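Asks: Heads up, the sequence shown is in full-length UniProt numbering, so the first residue is 1 and it goes up one at a time.
We put the CB at the ideal spot given by N, CA and C, even for glycine.
Every value quoted in this text rests on a predicted model; they were computed, and no experiment measured them.
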Amino acid sequence: MSQETRKFEAEVAQVLHLVTHSLYSHKEIFLRELISNASDACDKLRFEAIAHPGLVTEDAELRIQVTWDPDARTISVRDNGIGMTREDVVANIGTIASSGTRRYLEALSGEQKADSRLIGQFGVGFYSAFVVADKVTVITRHAGQPTEAGVRWESDGKGEYTLEEANITERGTTVVLHLKDGEDEFLKGWQLRQLVTKYSDHVAFPIRMPEDKDGKPDPTEWVTVNSASALWARPKSEITDEEYINFYKALGHDFNDPLAWAHNRVEGSQSFTTLLYVPEQPPFDMMMGGGREERKGLKLYIKRVFIMDAAEELLPNYLRFVRGVVDADDLPLNVSREILQQNRQLEKIKAACVKRVLDLLDKVSRDEPAKFATFLAGFGNTLKEGIVEDAANRERIAKLLRFASTKGEGAEKNVSLDDYIGRMAVGQDAIWYVTADSYAAAAGSPQIEALKAKGIEVLLMSDRIDEWMLGYLTEYEGKRLRNVAKGDFPLDEADKAKQEAANTAAAPLLERAKGLLGDKVGDVRVSARLTDSPSCLALSDFDLAPHLARLLREAGQDVPESKPALELNPGHPLVKRLAGETDDAKAGDLANLLLEQAEITAGAQLADPAGFVQRMNRVLLG
C-alpha cells in the first residue's frame with residue numbers, strides 16, 4: 001500500500017510545537033480529550049443510524065476501550081463510532097479547518113503562558129496527545145465503508161505526517177500514543193482508570209479497560225470503568241456537587257469550577273430536561289470574538305440521543321457563555337437545523353432555558369454578591385447585549401446589571417438600578433446617567449456637576465457597549481433613564497427664573513460667542529448643568545455621544561454629522577475673561593478653547609489638535 005507524507009498546515013505545526021515544548025501542567029488532559037472525541041464519534045454514529053440502521057448491524061453496542069502496553073510503552077483509545085475517511089483525517093487532523101487553532105495561538109501570544117488546560121477550549125483536543133507522546137498513530141475506518149477503505153495516520157508532531165491505506169475489519173477509530181521517556185505514570189492501569197473516573201465518568205457510552213494483572217492488561221477480561229449513564233437523566237438528589245462540577249469541567253473543557261448551575265426536569269405535554277452551567281470566567285474564544293460565530297455551549301439530545309450542538313436554537317446570543325445539555329422527549333428525531341428554527345416546541349424549550357439562566361443569575365446576585373461581581377466582570381458586557389436582543393426579558397436583564405455611580409465606591413460597578421431607585425430624591429422621576437469612554441472621564445464629566453451639587457445620584461457608564469444599550473433601555477420600573485448630557489435640563493420654577501435671568505444677562509456674551517464660533521456649533525447658551533467647569537457640550541436626545549461617534553469613525557463607519565450646543569458657565573473666570581475681551585483675535589482664541597475643552601471632556605476628537613495647542617499657548621502667554 002502506498003504511503004504519502006504531508007506537511008501540517010502552518011498553524012497546526014505551531015500548536016504541535018507549543019504542545020511538545022511548552023505544555024507541562026495537567027498532562028492527564030490528553031485522556032479526557034481523546035475519550036471526549038471518541039464519545040462524539042459514537043454520538044454521531046448513533047444519530048446517523050436513525051436514518052441508516054445498517055451502519056450498526058455489524059456491531060450494535062457502541063463503546064470506548066482504553067488499554068496500555070508497558071512493554072511497547074503505548075496507550076490506546078479505541079471507539080466503534082462513526083470513524084473517518086481519508087478526507088476526514090486530512091481535514092480534522094492535518095489542517096486548521098474551523099477548529100479554532102488560530103485563536104488558540106493568538107491566546108498564547110504576548111504574556112499568555114502556554115498551558116495545556118487551554119487546549120480543549122479551542123477544539124484542538126487531539127493534539128493534547130503530544131503532551132505525553134513522541135509519536136501518535138491513528139487507525140480508522142468510516143462506518144459503512146469496506147474494510148480496505150481504512151486509513152492509517154502517523155506523526156511525531158514535528159511538522160509532517162504520513163497517510164496510507166489500511167485493511168481494517170472493524171469500523172471506528174483507534175488512537176495509539178507512543179509515550180515519551182519519563183511518562184511511565186500513564187503506563188499503570190490503576191492510574192488510567194482513576195483518570196477515566198475523574199474526567200469521563202459521565203460519558204454515556206461504556207468505557208472499558210482490561211483487568212490489571214501484575215501491571216499488565218489481561219485482554220481476556222474487560223470491565224466497564226465509568227457509570228455509563230447520562231448524569232442529567234439521574235435524579236438531582238442522587239448527584240453530588242462534585243459530580244456536577246466534574247461533568248461541567250469535561251463538558252466545557254474548563255479547569256475552573258462553574259459559578260453556578262441549574263438542573264431541571266419539566267413534565268407535561270412537552271417533557272424535557274435541562275442542565276445549565278454558568279462559567280466562572282469567560283472562555284478565551286468568546287473573548288476573542290469567536291464566541292458569536294462558533295456557539296457550541298449547549299448540546300441537544302432527544303431521548304439521550306445526541307443531535308447537535310444547537311446553541312443558536314436553544315439560547316439567544318447574549319447567553320452564549322452558558323454550557324450544558326438539553327434532553328427532550330418529544331421532538332421529532334429526524335430534526336434538522338432548518339426544522340429546528342421553526343419548531344414551536346423548541347421555542348418553548350428555549351424560553352424555559354432563558355428563564356432558568358436568568359433565575360440562576362438572579363439567585364447568585366442576591367445570595368452571593370461577591371461571586372456575582374466576578375461573573376459581571378467577565379460577562380457583564382455580554383449580558384448587556386440582551387437589553388437589545390431580548391425585549392421580552394429586558395427588565396429582568398436590566399435588574400442584573402451593575403454600574404459605577406457618584407454614590408458608589410470609586411470605579412466599583414456595584415450599583416443596581418433597584419439600588420438607585422431606592423435612593424432617589426423626593427420628586428425625582430428619572431434615573432440619571434452619563435456615558436464616557438473611561439470611568440475617570442465619566443466621573444469628571446462637567447455635565448453632572450449640577451446634579452451632584454443637588455445630591456442627585458448619577459450612574460457613570462464607561463463600557464463601549466453602554467451607549468448602544470441605552471438606546472433600548474429607556475425605562476426601568478416606570479422610571480425614565482436620562483442622559484445628563486442630552487436634551488433639556490429639568491428645572492423647578494425657582495431654577496427656571498434664575499436661568500431666564502442668567503440668559504438675559506449673558507445675551508451679549510452668547511451672541512458674541514456664536515459669531516466667533518460660526519457653524520462649529522448648533523447654538524451657544526447659558527448652562528444649567530455646570531457649577532465648576534467653564535463649558536460643556538449639550539446634545540439632542542438622538543445625537544450619538546461624541547466618544548462613540550469617534551470610535552465608529554475609527555472603525556470606518558459612516559457617522560452622521562451633528563452640531564451640539566455649547567453651554568457656558570457665566571460665573572467661571574475664563575468665560576468672564578471672554579466677556580470682557582476687546583481684542584477679537586484673543587476673544588476668538590478663548591471661544592474656540594472653551595469649545596475644544598468641552599469637546600475633549602465629552603470624548604470627541606479635535607478637528608485641529610495643532611491649532612488647539614497654538615491657541616492654548618497664545619492664551620497662556622497672554
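1. Taking 8 Å as the cut-off, decide whether the C-beta atoms of residue 196 and residue 276 are in contact.
2. For residue 128, list the residues DSSP reports as bridge partners.
3. Restricting to Cα atoms, I'd like to know which of 465, 153 and 350 is closest to residue 8.
4. Please identify the residue among 570, 400 and 59 whose C-alpha is closest to the C-alpha of residue 363.
5. CB residue 35 to CB residue 207, shorter than 8 Å?
6. Closest by CA to residue 519, which one among 592, 416, 47 and 440?
7. Return helix, strand or coil for residue 255, following the three-state DSSP convention.
8. Taking Cβ positions, are residue 420 and residue 461 nearer each other than 8 Å?
9. With a 10 Å radius around its C-beta and 16 neighbouring C-beta atoms as the bar for buried, classify residue 463 as buried or exposed.
10. Could you please give the first and the last residue of the uninterrupted alpha helix (DSSP H) stretch that includes residue 144?
11. Can you tell me the Cβ-Cβ gap for residue 162 and residue 5, rounded? I've got them flagged as a contact below 8 Å.
12. Could you say which of 3, 622 and 359 lies nearest to residue 581 if we only look at CA atoms?
13. Name the two residues that bound the continuous alpha helix (DSSP H) containing residue 190.
14. Note down the Cα distance separating residue 606 from residue 248, rounded to an integer number of angstroms.
15. Quick check on residue 617: buried or exposed, where buried means 16 or more other Cβ atoms within 10 Å of its Cβ?
16. Just the C-alpha distance for residue 579 and residue 509, rounded to the nearest angstrom, thanks.
17. By the three-class DSSP mapping on this structure, what secondary structure does residue 352 have?
18. Within the region 493–571, note down every full beta strand (DSSP E) run reaching 3 residues or more, in order along the chain.
19. Using 8 Å as the threshold, is the C-beta distance between residue 64 and residue 79 below it?
20. What do you reckon, are the CB atoms on residue 440 and residue 417 nearer than 8 Å?
21. Taking the beta strand (DSSP E) that residue 433 falls in, what are its first and last residues?
22. Would you mind giving the Cβ-Cβ distance between residue 150 and residue 168, rounded to the nearest angstrom? I have them listed as a contact below 8 Å.
23. For residue 75, name the three-state secondary structure that DSSP assigns.
24. Tell me whether residue 190, by its Cβ, gets closer than 7 Å to a heavy atom of the ligand SAH.
25. Would you kindly work out how many angstroms separate the C-alpha atoms of residue 475 and residue 469, rounded to a whole number?
Replies: Looking at the coordinates:
1. no
2. For residue 128, which the question treats as bridged, DSSP gives no partner whatsoever.
3. 153
4. 400
5. yes
6. Distance from the Cα of residue 519 is smallest, within the candidate group 592, 416, 47 and 440, for 592.
7. Of the three classes helix, strand and coil, the one that applies to residue 255 here is coil, per DSSP.
8. no
9. Buried is the call here.
10. No alpha helix (DSSP H) contains residue 144, which DSSP labels as neither H nor E.
11. So it is a contact: roughly 5 Å between Cβ atoms.
12. Nearest option by C-alpha distance: 622.
13. Note, residue 190: alpha helix (DSSP H), 189–200.
14. 50 Å
15. exposed
16. 6 Å
17. helix
18. 523–526, 535–538 and 565–568
19. yes
20. No, Cβ-Cβ distance for residue 440 and residue 417 is not below 8 Å.
21. 430–435
22. 3 Å
23. Three-state result, residue 75: strand.
24. As for the ligand SAH, it is missing from this structure, which has no ligand bound.
25. C-alpha separation (whole angstroms): 12 Å.
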